[in-house]
Amino acid sequence: MRTTSSLGQDADRPGTANLPLFFRRWLSDPLQMGSIVPSSRTLCRRIARLVAAGGEGPVVEIGAGTGVISRALIEAGIAPERLVLVEIVPEMADHLRASLPGTTVVCADAFALPQHLVARLPGPVGTVICGIPLVMLPLERQRQFVAQVERIAPGLGFLLYTYCITSPLPYRKLGLEAVREAWTPRNFPPASVWRYRPLGPPAG
């Protein structure tokens, strides 16, 4: 989910967050955005540390928004050339291309990942980050998303950031295991980062 921003010292740097763009998009489709403001610096840094500790390979960020997490990944030492940023909104995709040179930006639907990404990946995927509000989707759409990730990154799973303290996904029904990797109470409201990995075929 394109989640929260905390106040004051955690404000995202100008030019990357592009708050007017984010707010306009939120007004047009609040459910797709999931939050009225971008993710805070605290949350972005926690995600970046998890990704940086995860080894090599392309980092696929699904629902990259205005790029605040992408910027934190680069600041954590992840080369822009490793970042593959997926964003369905053309205006936001254009912003990502302009503000994050060297990254690969793909304007595409998260539910059609293989057809858009396979030819664009420079190697086996190292990490998948999800920034879309999966908790708001029905179970069948959640299953479809998990299947899309599995096709581009078999067995890898994904990181999901969310407002939920408990798992936002019914992971057993989706055939996943779940671990809460981070909790950021400085967010308003507080946010969590969950890691989901496939266990086998989804349960009925």
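Note that the UniProt record's numbering gives residue 174 to position 174 of the sequence shown, counting from 1, and the numbers run on in steps of one.
By construction, the Cβ of each residue, glycine as well, lies at the ideal position given by its N, Cα and C atoms.
> To which residues of the same chain is E150 closer than 7 Å at the C-beta, ignoring the five residues directly before and after it?
Replying inline: Counted from its first residue, the sequence shown places residue 150 at position 150. Excluding positions up to five away in sequence, the list reads P198.
> So I129 packs on F158, CB below 8 Å; how close in whole Å?
Replying inline: Taking the first residue of the sequence shown as 1, we reach residue 129 at position 129. Taking the first residue of the sequence shown as 1, we reach residue 158 at position 158. With a Cβ gap of about 7 Å, I129 and F158 count as contacting.
> Quick one: what does DSSP say C130 is sitting in, helix, strand or coil?
Replying inline: Here the question's residue 130 lines up with position 130 in the sequence shown. It is a strand residue.
>> Please state whether the Cβ-Cβ distance between G67 and L96 is less than 7 Å.
In response: On the sequence shown, residue 67 is found 67 positions in, with the first residue counted as 1. On the sequence shown, residue 96 is found 96 positions in, with the first residue counted as 1. The answer is yes: Cβ separation under 7 Å.
> Which residues in the same chain as R180 place their Cβ atom closer than 6 Å to its Cβ, once the five residues preceding and following it in sequence are excluded?
Replying inline: The sequence position of residue 180 within the sequence shown is 180, counting from 1. Answer for R180: S192, W194, listed in chain order.
>> Does R120 come out as helix, strand or coil in the three-state DSSP assignment?
In response: What you label residue 120 is simply residue 120 of the sequence shown in a count that begins at 1. Looking at R120 - three-state DSSP - the assignment turns out to be helix.
> Which of the three DSSP states, helix, strand or coil, is assigned to S99?
Replying inline: Residue 99 sits at position 99 when you count from the first residue of the sequence shown. It is helical.
> Mapping DSSP to helix, strand and coil, what is V89?
Replying inline: As a working mapping, residue 89 is identified with position 89 in the sequence shown. Of the three classes helix, strand and coil, the one that applies to V89 here is coil, per DSSP.
> Terminal residues of the continuous alpha helix (DSSP H) containing F111?
Replying inline: Position 111 of the sequence shown, counted from the start, is the residue given in the question as residue 111. Element bounds for F111: n/a, residue is neither H nor E.
> Is L27 helix, strand or coil when you go by DSSP?
Replying inline: As a working mapping, residue 27 is identified with position 27 in the sequence shown. For L27, the predicted model reports a pLDDT of 43, less than 50, meaning its position is unreliable and no value from the coordinates is stated.
> For R195, which three-state DSSP category applies?
Replying inline: Residue mapping note: residue 195 aligns to position 195 of the sequence shown, counting from 1. Reduced to three states, the DSSP call for R195 is strand.
> Taking the alpha carbon of L169 as the point to measure from, which residue in L83, G57, L139 has its own alpha carbon closest?
Replying inline: The residue you call residue 169 lines up with position 169 of the sequence shown. The candidate whose alpha carbon is nearest that of L169 is L139.
> Taking the C-alpha atoms as reference points, what is the distance between R172 and T184?
Replying inline: Stepping through the sequence shown from its first residue, residue 172 is reached at position 172. Stepping through the sequence shown from its first residue, residue 184 is reached at position 184. Rounded to the nearest angstrom, the two C-alpha atoms are 25 Å apart.
> Residue range of the beta strand (DSSP E) that A182 falls in?
Replying inline: Looking up residue 182 in the sequence shown gives position 182. Per DSSP, A182 belongs to the beta strand (DSSP E) from 176 to 184.
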